[in-house]
Amino acid sequence: MIFKAEQLYWNAGEKNQLKLDWKRFSKSLLNASPNGIAALDMTLKIMISNQLAQTGLDLFPGAMLSTTLPDLSKHAQQVLKADKAAEGIIINRNNVRYSVLLNPIRHRNAMLGIFCIFQDMTALEKITSQMQSFQDLSMELDTIIDSSNDGLWICDGEGTILRLNPASEYLTHVKSDEVLGRNISELVAEGLIDQSVTLEVLKTQKKVSILQQTRHGKILFLTGNPVFDSNGNLFRVVVNERDITEIKSLQEELEEKVALNNQYRQDLLEMQIEEMESRQIIAKTPEYINIIQQAVKLGTVDSTVLILGESGTGKGVVADLIHKYSPRKNHPMIKLNCGSIPESLVESELFGYEKGAFTGAGKGGKPGKFEMAHKGIIFLDEIAELPLSSQVKLLRFLEDGQITRVGGTVSQKVDVRIVAATNRNLKKMVARKQFRSDLFYRLNVIPLTMLPLRKRRDCILPLINHFTDQFCRRYGKKRVMFSREAMSAMLEHPYPGNVREMINICERVVVMSQDGHVNLEDLPASVREGVAKGPLGGEVWHPGQTLKERMDALEKEILEKALKFHGTQAKMAHSLGLNQSTVARKLKKHLLK
Numbered sequence: 001m002i003f004k005a006e007q008l009y010w011n012a013g014e015k016n017q018l019k020l021d022w023k024r025f026s027k028s029l030l031n032a033s034p035n036g037i038a039a040l041d042m043t044l045k046i047m048i049s050n051q052l053a054q055t056g057l058d059l060f061p062g063a064m065l066s067t068t069l070p071d072l073s074k075h076a077q078q079v080l081k082a083d084k085a086a087e088g089i090i091i092n093r094n095n096v097r098y099s100v101l102l103n104p105i106r107h108r109n110a111m112l113g114i115f116c117i118f119q120d121m122t123a124l125e126k127i128t129s130q131m132q133s134f135q136d137l138s139m140e141l142d143t144i145i146d147s148s149n150d151g152l153w154i155c156d157g158e159g160t161i162l163r164l165n166p167a168s169e170y171l172t173h174v175k176s177d178e179v180l181g182r183n184i185s186e187l188v189a190e191g192l193i194d195q196s197v198t199l200e201v202l203k204t205q206k207k208v209s210i211l212q213q214t215r216h217g218k219i220l221f222l223t224g225n226p227v228f229d230s231n232g233n234l235f236r237v238v239v240n241e242r243d244i245t246e247i248k249s250l251q252e253e254l255e256e257k258v259a260l261n262n263q264y265r266q267d268l269l270e271m272q273i274e275e276m277e278s279r280q281i282i283a284k285t286p287e288y289i290n291i292i293q294q295a296v297k298l299g300t301v302d303s304t305v306l307i308l309g310e311s312g313t314g315k316g317v318v319a320d321l322i323h324k325y326s327p328r329k330n331h332p333m334i335k336l337n338c339g340s341i342p343e344s345l346v347e348s349e350l351f352g353y354e355k356g357a358f359t360g361a362g363k364g365g366k367p368g369k370f371e372m373a374h375k376g377i378i379f380l381d382e383i384a385e386l387p388l389s390s391q392v393k394l395l396r397f398l399e400d401g402q403i404t405r406v407g408g409t410v411s412q413k414v415d416v417r418i419v420a421a422t423n424r425n426l427k428k429m430v431a432r433k434q435f436r437s438d439l440f441y442r443l444n445v446i447p448l449t450m451l452p453l454r455k456r457r458d459c460i461l462p463l464i465n466h467f468t469d470q471f472c473r474r475y476g477k478k479r480v481m482f483s484r485e486a487m488s489a490m491l492e493h494p495y496p497g498n499v500r501e502m503i504n505i506c507e508r509v510v511v512m513s514q515d516g517h518v519n520l521e522d523l524p525a526s527v528r529e530g531v532a533k534g535p536l537g538g539e540v541w542h543p544g545q546t547l548k549e550r551m552d553a554l555e556k557e558i559l560e561k562a563l564k565f566h567g568t569q570a571k572m573a574h575s576l577g578l579n580q581s582t583v584a585r586k587l588k589k590h591l592l593k
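Here it is as structure tokens:
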């Protein structure tokens with residue numbers, strides 16, 4: 001057989017020599033043939049090859065045939081010399097047997113190269129065997145297929161239509177004799193169908209479902225199922241068609257209601273955020289209000305949250321807030337402090353244990369925290385203290401949602417959202433190999449960093465009022481009144497223990513106060529020390545200084561502390577209740593920058 005070069009696309013080049021437009025030729029060749037194809041020039045250099053030739057035979061453009069397939073190169077040399085096609089050449093490559101056709105490429109009696117076709121003989125033999133098996137089952141399958149109320153299309157592994165049943169003819173108004181033996185892509189090109197689930201299955205080799213509207217207005221739900229042979233090769237695509245025209249109408253109504261519901265949820269979220277903004281009794285600092293807003297928003301999604309911050313900053317309170325505004329709010333929120341459990345019991349606490357799993361295990365076994373939190377949220381506080389061995393189990397759960405009890409062999413799926421918290425720097429722990437990096441990235445989907453109390457000074461006074469009133473109600477006392485010195489000490493205290501420390505201080509002053517009055521001496525020593533000394537470490541009053549000198553020194557110290565804390569004149573002015581120009585003038589006066 002002679003391959004006529006006139007059938008290809010040619011361009012005239014310099015010196016009237018014809019050059020093959022390999023790009024156009026490659027595209028046509030790759031789209032047309034199920035076999036491996038390659039084109040060689042007169043030096044047996046590979047000019048073009050399709051995917052089958054590249055993956056199965058290692059024939060890549062630019063390579064020499066003599067290097068890749070030396071045995072075949074000898075046959076190609078003979079074809080060049082004899083100017084005659086050679087067929088039926090058998091070669092073995094990568095444990096696959098191919099039948100090769102070498103065909104001269106000619107143009108106006110001039111030989112330009114060789115056109116090679118590689119047919120996979122092994123695949124051909126398998127297909128023949130499969131077709132025989134199909135014929136044996138065809139009579140039984142005919143009855144099953146033709147009796148189905150759903151439309152059925154059956155295509156081969158290349159998209160060629162092998163069969164469609166009467167129900168499909170009725171639904172699509174496409175007759176069998178019009179399409180059998182044709183490729184599904186042709187029907188799409190001709191507009192007989194607007195899209196093809198078969199082509200998607202051939203592309204992805206996975207089950208695919210789509211909606212398709214016929215030319216007659218029917219809405220069909222199509223599901224394409226790939227069928228693989230014993231070697232894992234896709235050799236059939238079975239498409240099921242179901243008429244859902246009425247269901248589609250109901251679905252559109254449902255989607256409208258869902259959209260309306262989502263709008264209501266968004267409106268509710270905005271109202272919740274406005275409510276948080278209005279609660280300036282506790283959350284007055286803008287940065288902290290923003291954290292509260294984020295927590296409310298995070299409640300509406302189902303992602304893993306990692307809460308970071310120092311001890312006592314309210315990480316547990318934020319976790320409660322996420323649960324409160326979560327769709328899981330009607331299901332349990334199970335809290336577990338990872339640092340309070342002995343290492344030997346961590347896994348049994350998290351995942352439970354079966355009967356006789358270890359010495360002292362309960363006779364009936366016991367569910368773990370994850371099982372108890374099914375459909376809800378589990379709050380893993382101090383996650384950094386989790387042993388490395390348990391981190392592996394937690395990572396596995398995050399990947400597949402399944403747990404296995406200690407001593408058990410059967411995995412079970414649980415639906416749990418994880419909120420974790422820590423006061424440690426997990427990135428540094430990862431660098432020191434103290435915490436698994438893969439678990440860190442799994443947990444760190446949405447990080448939320450809490451502010452220490454020293455960075456939300458605007459909240460201190462409202463918090464003091466809130467907690468003292470709370471404890472007054474608890475202990476049946478009238479509202480306490482702080483002296484100027486006591487309140488000044490409370491406001492200036494750095495609170496290294498954050499809100500937890502403030503709660504303890506407020507409870508103490510309520511319990512220890514006399515007649516509802518709190519003086520400086522009623523405060524803990526750690527709080528009094530902050531005001532016991534005046535500027536520059538000296539006493540508040542010194543006989544060697546005038547009042548003006550002491551006031552100037554005190555003003556300078558206040559400005560120094562405010563500048564160090566806030567960093568900018570604008571924030572200093574807001575905190576001190578002064579105009580920014582006044583702050584700038586005083587800084588200049590005391591030679592502060």
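Number 111 in the UniProt record's numbering belongs to position 111 of the sequence shown; there are no gaps in the numbering.
Built from N, CA and C at the ideal position, the CB exists for glycine as well.
Remember, it's a predicted structure, so these values are computed and weren't measured experimentally.
Provide the residue(s) that pair with residue i in DSSP beta bridges, ordered along the chain.
| i | result |
| --- | --- |
| Asp522 | DSSP output for Asp522 lists no bridge partner at all. |
| Cys116 | Ala38, Leu102 |
| Leu448 | Ile307 |
| Ile378 | Ile334, Ile418 |
| Phe440 | Paired residue(s): none; Phe440 is not in a bridge. |
| Gln135 | Paired residue(s): none; Gln135 is not in a bridge. |
| Leu406 | A quick correction: the sequence has Val, not Leu, at residue 406. According to DSSP, Val406 bridges with Tyr353. |
| residue 644 | What is shown of the chain runs 1 to 593, which leaves residue 644 out entirely. |
| Ala86 | Leu102 |
| Met111 | Arg106 |
| Gln412 | Ile403 |
| Asn92 | Arg97 |
Using 10 angstroms around the beta-carbon of residue i, count the other beta-carbons present and answer buried if the total reaches 16, otherwise exposed.
| i | result |
| --- | --- |
| Asn95 | exposed |
| Ala32 | exposed |
| Met131 | exposed |
| Met42 | exposed |
| Val392 | exposed |
| Met490 | buried |
| Gln135 | exposed |
| Arg215 | exposed |
| Pro104 | buried |
| Lys561 | exposed |
| Gly551 | The question names Gly, yet the displayed sequence has Met at residue 551. When all chains shown are included, Met551 counts as exposed. |
| Ala532 | Per-residue confidence for Ala532 stands at a pLDDT of 48, beneath the threshold of 50, marking its modelled position as unreliable; the derived number appears in the next sentence. Counting Cβ neighbours within 10 Å, Ala532 comes out exposed, since fewer than 16 surround it. |
| Met512 | exposed |
| Gly537 | At Gly537, the pLDDT of 45 sits below 50, so the modelled position is not reliable; the number obtained from the coordinates is stated separately. Gly537 is exposed by the Cβ-count criterion. |
| residue 597 | Absent from the model: residue 597. The displayed extent of the chain is 1 to 593, so no value can be given. |
| Asn35 | buried |
| His323 | buried |
| His493 | buried |
| Glu349 | buried |
| Asp83 | exposed |
| Asn165 | buried |
| residue 600 | A query on residue 600 cannot be resolved here, the shown segment of the chain reaching from 1 to 593 and no further. |
| Tyr475 | exposed |
| Tyr9 | Model confidence at Tyr9 stands at a pLDDT of 44, short of 50, so the residue's coordinates are unreliable and nothing is read from them. |
| Ser326 | buried |
| Glu253 | exposed |
| Ile281 | Only weak support is given to the placement of Ile281: the predicted model assigns it a pLDDT of 38, under 50, and the value that follows is read from those uncertain coordinates. Exposed is the call here. |
Would you please verify whether the beta carbon of residue i is less than 8 Å from any beta carbon of chain B?
| i | result |
| --- | --- |
| Leu192 | Among the chains of the structure shown, chain B does not appear; only one protein chain is present. |
With a cut-off of 8 Å on the beta carbons, I'd call residue i and residue j a contact; round off their distance for me.
| i | j | result |
| --- | --- | --- |
| Lys315 | Met450 | 6 Å |
| Asp381 | Leu336 | 7 Å |
| Val410 | Tyr353 | At roughly 13 Å, the Cβ-Cβ gap does not stay under 8 Å, so Val410 and Tyr353 are not in contact. |
| Ala53 | Ile37 | 6 Å |
| Leu192 | Val174 | 6 Å |
Give the list of continuous alpha helix (DSSP H) stretches no shorter than 4 residues that lie fully inside the UniProt domain "PAC" (204-256). Counting only runs of 4 or more, we get nothing.
Taking 8 Å as the threshold, find out whether the segment 545-554 comes into contact with the segment 570-587 through three or more Cβ pairs. no
Write down every uninterrupted run of the alpha helix (DSSP H) in the UniProt domain "PAS" (137-188) whose length is 4 residues or greater and which is fully enclosed by it, in chain order. 166-172, 176-179
In chain order, which alpha helix (DSSP H) runs of at least 4 residues are fully inside the segment 25-77? 51-57, 65-68
Could you check whether the segment 424-439 touches the segment 461-477, counting it as contact only if at least three pairs of C-beta atoms, one from each stretch, sit closer than 8 Å? no
If contact is defined by three or more beta carbon pairs under 8 Å, each pair taking one atom from either stretch, is the segment 140-159 in contact with the segment 203-211? no
What residue ranges within the segment 305-375 form continuous beta strand (DSSP E) runs of no fewer than 3 residues, ordered along the chain? Entirely contained in the segment 305-375, the beta strand (DSSP E) runs reaching 3 residues are, in chain order, 305-308, 333-337.
Please determine if the segment 471-482 and the segment 291-306 are in contact, where contact requires at least 3 C-beta pairs separated by less than 8 Å. no
The segment 115-128 contacting the segment 45-58, beta-carbon criterion three pairs below 8 Å: yes
Assess contact between the segment 324-339 and the segment 510-530, defined as three or more Cβ pairs (one per stretch) separated by less than 8 Å. Is contact present? no
Contact between the segment 233-242 and the segment 148-160 is defined here as three or more beta-carbon pairs at a separation below 8 Å; is this criterion met? Yes, they touch.
Below 8 Å, can you find three or more Cβ-Cβ pairs linking the segment 250-266 to the segment 408-427? no
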